[in-house]
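Student:
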Amino acid sequence: MRLPILILFYLILSTNIISAQTGIISAATLDIEVQGITKGGILNLEISSSKEAFESDGDDAGVAARIQERVSSGSYQRSFDIPPGTYAVKIHIDENENGVLDTNFLGIPKEQYGISNNGLFLNFKAASFIIDTYKIIQIDL
Numbered sequence: 008m009r010l011p012i013l014i015l016f017y018l019i020l021s022t023n024i025i026s027a028q029t030g031i032i033s034a035a036t037l038d039i040e041v042q043g044i045t046k047g048g049i050l051n052l053e054i055s056s057s058k059e060a061f062e063s064d065g066d067d068a069g070v071a072a073r074i075q076e077r078v079s080s081g082s083y084q085r086s087f088d089i090p091p092g093t094y095a096v097k098i099h100i101d102e103n104e105n106g107v108l109d110t111n112f113l114g115i116p117k118e119q120y121g122i123s124n125n126g127l128f129l130n131f132k133a134a135s136f137i138i139d140t141y142k143i144i145q146i147d148l
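Quick note, our numbering runs 7 ahead of the 1-based positions in the sequence shown.
1) For residue 40, write down the residues that DSSP places opposite it in a beta bridge.
2) Could you spell out where the beta strand (DSSP E) holding residue 71 opens and where it closes?
3) Taking only three categories from DSSP, how would you classify residue 136?
4) Mapping DSSP to helix, strand and coil, what is residue 123?
5) On the premise that residue 148 lies in contact with residue 44, defined as a C-beta separation below 8 Å, what is that separation, rounded to the nearest angstrom?
6) Who are the near neighbours of residue 86 in its chain, counting only those whose CB is closer than 8 Å to its CB and skipping five residues on each side?
7) Among residues of its own chain, excluding the 5 on either side of residue 135, which ones have a beta-carbon nearer than 6 Å to its beta-carbon?
8) Apart from the five residues on each side of it in sequence, which residues of its chain come closer than 6 Å, Cβ to Cβ, to residue 52?
9) Here's the rule: buried if 16 or more other CB atoms are within 10 angstroms of the residue's CB, otherwise exposed. What is residue 121?
10) Closest to residue 47 by C-alpha separation, out of 88, 81 and 106, would be which residue?
11) Using only the alpha-carbon positions, how far apart do residue 34 and residue 78 sit?
Next comes the structure, spelled out in structure tokens:
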């Protein structure tokens, strides 16, 4: 009677070790917290897995998630299930709801924006982070 239980235990343990060694993880959870929203509007958030997607507008290749959601002043939180990997997040609040990030004549944004790692410029390398199973990032606008 003990031998079948030991064999079953060994098989379960072996399967878990093989899965861990081969890196089979179906999804990772990314929690995003946005702080400092001063005006309401449409929050545009994009999680990109490539430099090309992150540094362009509207390119769906390399985009893990994209949302548009009405927000008010204060803070915002959302969770995403994405495959493990390297990503960067960009956000802007479309205050006048015209569908674009408005800039002045010098190209400086007139609406709130932010990127992961709280960088100033739309640069994938500076904004990127690695996620294996769980990560929380905070973006200050």
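Idealized CB from N, CA, C, for every residue including glycine.
Since this is a predicted model, take the numbers as computed values, not measurements.
Tutor: Quick look at the numbers:
1) For this step, residue 40 is matched to residue 33 along the sequence shown. Per DSSP, 84 and 145.
2) Position 64 of the sequence shown, counting from 1, holds the residue named residue 71. Run containing residue 71: 70-78, per the beta strand (DSSP E) assignment.
3) In the sequence shown, counting from the first residue as 1, residue 136 sits at position 129. In this structure, residue 136 counts as strand in the three-state DSSP scheme.
4) Walking along the sequence shown from the start, residue 123 turns up at place 116. DSSP places residue 123 in helix when its eight states are reduced to three.
5) Position 37 of the sequence shown, counting from 1, holds the residue named residue 44. Position 141 of the sequence shown, counting from 1, holds the residue named residue 148. At roughly 6 Å, the Cβ-Cβ gap stays under 8 Å, so residue 44 and residue 148 are in contact.
6) Within the sequence shown, numbered from 1, the residue matching residue 86 stands at position 79. Correct list, in chain order: 36, 37, 38 and 39.
7) Sequence index remark: in the sequence shown, residue 135 carries index 128 (1-based). The residues are 93 and 95.
8) As a working note, residue 52 is residue 45 in the sequence shown. Excluding residues within five positions, the ones whose Cβ falls inside 6 Å are 74 and 98.
9) Numbered from 1 along the sequence shown, position 114 holds the residue referred to as residue 121. The residue in question, residue 121, is buried, as its Cβ has 16 or more Cβ neighbours within 10 Å.
10) Here residue 47 corresponds to residue number 40 of the sequence shown, with the count starting at 1. The shortest C-alpha separation from residue 47 is found at 81.
11) Indexing the sequence shown from 1 puts residue 34 at position 27. Indexing the sequence shown from 1 puts residue 78 at position 71. Straight-line Cα distance between these residues: approximately 27 Å.
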